[in-house]
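Residue numbers (the numbering used here), protein chains in the order written: chain Z, 16 to 124; chain H, 16 to 124.
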């Protein structure tokens with residue numbers, strides 16, 4: 016497999032969340048999600064077998080994992096174990112990156 | 016395993032590159048590296064079995080994979096297959112994120 020470059024803004028999805036946009040980059044073993052949410056955007060509780068790491072780039076972003084509320088600011092990260100129930104809430108307009116292993120096949124379009 | 020939060024700036028390593036600093040976050044299956052390089056910083060050619068995705072947040076950052084030079088700006092990413100020889104060069108002061116699967120056990124301290 017050759018190296019694969021992904022240019023910013025070339026595959027933005029705006030219909031997955033009412034107040035947000037996402038952009039996916041799939042490798043062989045990992046998926047990256049570049050996300051941007053307006054203030055008040057909610058990601059409802061859900062779970063998946065994939066391990067997920069959330070990294071906040073901008074804003075104040077709340078992640079709830081198995082009932083524990085974690086508040087992220089710019090530069091903060093949280094590791095969400097595979098299978099753990101989690102939800103998110105943008106306290107302010109927020110921007111960040113999610114990474115997943117294995118690949119989120121359900122997010123390929 | 017419970018969710019694990021990592022606050023920005025709490026585990027910065029400054030002695031890995033002469034003109035750069037890195038900060039690692041290890042999950043169960045992935046490692047994240049938050050990196051910051053001064054202009055001119057070089058990461059010499061190397062390889063590892065881990066798949067790696069490089070995401071540029073700021074600056075102009077050159078990644079060479081198997082002899083192919085890819086130039087990243089803010090928001091751009093490159094997927095580097097496991098085993099591929101790669102190197103990097105900061106054309107300007109740069110900041111970004113590397114992710115790896117599996118965990119970089121060699122980067123635990």
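All residues carry an ideal CB built from backbone N, CA and C; glycine is no exception. Just so we're clear, the structure is a prediction, and the values are computed from it rather than from any experiment.
Are any of the Cβ atoms in chain Z nearer than 8 Å to that of residue 18 of chain H?
Yes, residue 18 of chain H counts as interfacial toward chain Z.
In the stretch 34-80 of chain Z, which residue ranges form an unbroken beta strand (DSSP E) of at least 3 residues, counting only runs that do not cross its ends?
35-41, 46-52, 57-61, 66-73 and 76-80
On the three-state DSSP scale, how would you describe residue 91 of chain H?
Coil, per DSSP.
What residue from Z:60, Z:83 and Z:89 has the CA that sits closest to residue 72 of chain H's CA?
Z:89
With distance defined between alpha-carbon atoms, name the residue in Z:81, Z:103 and Z:74 nearest to residue 32 of chain Z.
For the options Z:81, Z:103 and Z:74, the alpha carbon positioned closest to that of residue 32 of chain Z is the one of Z:103.
My output table needs one value for residue 100 of chain Z: the three-state DSSP class, helix, strand or coil.
coil
If you measure between the beta carbons of residue 41 of chain Z and residue 118 of chain Z, is that distance less than 8 Å?
Residue 41 of chain Z is a Cβ neighbour of residue 118 of chain Z, given a cutoff of 8 Å.
Within 8 Å, do at least three Cβ pairs link the stretch 40-56 of chain Z to the stretch 79-94 of chain Z?
no
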